[in-house]
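Peer 1:
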Amino acid sequence: MTFQGQRFLIYGMIHVYLAVYNLLLLVGLVAALPFIWREVKPDRKSAGDWKERIAVYGRETVEHLQKQKNIWLHTVSIGEFLSITPLIDRL
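194 is the number that this note's numbering gives to position 44 of the sequence shown; each next residue is one higher, with no gaps.
(1) Hey, out of Trp-222, Ala-169 and Met-163, whose CA is closest to Ala-205's CA?
(2) Going by DSSP, what residue range makes up the alpha helix (DSSP H) through Thr-229?
(3) State the Cα-Cα distance for the pair Met-163 and Leu-175, rounded to the nearest angstrom.
(4) Can you grab the Cα-Cα spacing for the pair Ile-140 / Val-180, in whole Å?
(5) If you follow the alpha helix (DSSP H) that Thr-211 is in, where does it begin and where does it stop?
As structure tokens, this is what we get:
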């Protein structure tokens, strides 16, 4: 087999591997969708909170917040929140 033939064979196999990988990835994603949906779907007690989770607030909430002086403190983890509680108490 010539060098050109080997190169063609290698590149052809790469395309086959990528196609198989993409197919398996798609099948895995479709199989995981029910589990993902179960985690992200709003339940009855937090049905109104799903918009607030993505920072979309209703008119009443925005008007209420605009009437006050506000400081937005954003934390990612509970540890970060606990570390700023002394700051919150001082405010």
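Beta carbons: idealized from backbone N, C-alpha and C, even for Gly.
Peer 2: Let me spell this out:
(1) The shortest Cα separation from Ala-205 among Trp-222, Ala-169 and Met-163 belongs to Trp-222.
(2) Looking at the sequence shown, residue 229 is not Thr but Gly. Unbroken alpha helix (DSSP H) run through Gly-229: 228-240.
(3) Going by the C-alpha atoms only, they are around 18 Å apart.
(4) Any answer about residue 140 is impossible in this case: the structure gives the chain only from 151 up to 241.
(5) Following the DSSP letters along the chain, one finds Thr-211 inside the alpha helix (DSSP H) bounded by residues 209-216.
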